[in-house]
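Peer 1: Residue numbers (the numbering used here): 15 to 174.
1. Can you give the beta carbon distance from residue 60 to residue 76, rounded, assuming they're within the 8 Å contact cut?
2. Just the C-alpha distance for residue 118 and residue 112, rounded to the nearest angstrom, thanks.
3. Whose C-beta lies closer than 8 Å to the C-beta of residue 78 among residues of the same chain, with five residues either side of it excluded?
4. Quick one: using the 10 Å Cβ neighbour count with 16 as the cut-off for buried, is residue 86 buried or exposed?
5. Just verifying my parser: in three-state terms, what is the DSSP assignment at residue 16?
6. Look at the alpha carbon of residue 23 and the alpha carbon of residue 36, and state the distance between them as a whole number of angstroms.
7. Determine the contact status of residue 27 and residue 72, defining contact as a CB-CB distance below 9 Å.
8. Between the C-alpha atoms of residue 136 and residue 82, what's the straight-line distance to the nearest angstrom?
9. Which word fits residue 128, buried or exposed, when buried means at least 16 other C-beta atoms lie within 10 angstroms of its C-beta?
10. My output table needs one value for residue 52: the three-state DSSP class, helix, strand or coil.
11. Would you tell me roughly how many angstroms separate the C-alpha atoms of residue 122 and residue 33, rounded to the nearest one?
12. Considering residue 115, what are the terminal residues of the alpha helix (DSSP H) in which it resides?
13. By how many angstroms is the C-alpha of residue 31 removed from the C-alpha of residue 18?
14. Taking the C-alpha atoms as reference points, what is the distance between residue 125 and residue 98?
15. Do residue 44 and residue 70 have their C-beta atoms closer together than 9 Å?
Structure representation (structure tokens):
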């Protein structure tokens, strides 16, 4: 085989490998997704996250969700929580639910609950439905029954 042809094939393979590495290191699609959602995240931040062994989607997607829900969260706080072993998506979800229910829940409180090993939604639910709080409800057949909020599950959709 001609040395020039070998060089051309090696160059094409090398270029393909280089482009693959760049596409892995720089999550361009995620950057476009964030900027389209009005979340300003720099390419350098995304590359830095890769170097720190942080999954960019694990931070950027919850940040997009929070921004769309009207919450102003700090990118660095989300990353720090992730690095501490926290579940960023669960904390952001609880913050959004708390905001919609007009309950004060800061990011630091949600992060502390998460890092303590409790499910943030469960803790948030206990804020909304204190243990042992009595209430009456209709069972659908015209009869009323007394129960406690802890007798039945709440998945964030109920308002009491």
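Where a beta carbon is used, it is the ideal one built from N, C-alpha and C, also for glycine.
Peer 2: For this structure:
1. As a position in the chain shown, residue 60 is number 46, starting the count at 1. As a position in the chain shown, residue 76 is number 62, starting the count at 1. About 15 Å; that fails the 8 Å criterion.
2. Along the chain shown, read from residue 1 onward, the residue named residue 118 stands at position 104. Along the chain shown, read from residue 1 onward, the residue named residue 112 stands at position 98. When rounded, the distance between both Cα atoms is 7 Å.
3. Taking the chain shown and counting its residues from 1, one reaches residue 78 at position 64. Hits under 8 Å: 47, 48, 51 and 53.
4. In the chain shown, the residue the question calls residue 86 occupies position 72. Residue 86 should be labelled exposed.
5. As a working mapping, residue 16 is identified with position 2 in the chain shown. Reduced to three states, the DSSP call for residue 16 is coil.
6. On the chain shown, residue 23 is found 9 positions in, with the first residue counted as 1. On the chain shown, residue 36 is found 22 positions in, with the first residue counted as 1. Rounded to the nearest angstrom, the two C-alpha atoms are 20 Å apart.
7. The residue labelled residue 27 in the question sits at position 13 within the chain shown. The residue labelled residue 72 in the question sits at position 58 within the chain shown. Contact flag unset, no.
8. Position 122 of the chain shown holds residue 136. Position 68 of the chain shown holds residue 82. Answer to the nearest angstrom: the Cα atoms are 23 Å apart.
9. Stepping through the chain shown from its first residue, residue 128 is reached at position 114. Classification for residue 128: buried.
10. Taking the chain shown and counting its residues from 1, the one referred to as residue 52 is at position 38. In this structure, residue 52 counts as coil in the three-state DSSP scheme.
11. Counting from 1 along the chain shown, the entry for residue 122 is found at position 108. Counting from 1 along the chain shown, the entry for residue 33 is found at position 19. So the two alpha carbons sit approximately 39 Å from each other.
12. If you number the chain shown from 1, residue 115 lands on position 101. Counting along the chain, residue 115 falls outside any alpha helix (DSSP H), and DSSP gives it neither H nor E.
13. On the chain shown, residue 18 is found 4 positions in, with the first residue counted as 1. On the chain shown, residue 31 is found 17 positions in, with the first residue counted as 1. Going by the C-alpha atoms only, they are around 20 Å apart.
14. To locate residue 125, count along the chain shown from 1; it is residue 111. To locate residue 98, count along the chain shown from 1; it is residue 84. Near 10 Å, if we compare the C-alpha coordinates of residue 98 and residue 125.
15. As a first step, residue 44 must be located in the chain shown, where it is residue number 30. As a first step, residue 70 must be located in the chain shown, where it is residue number 56. In contact: residue 44 and residue 70 (Cβ atoms closer than 9 Å).
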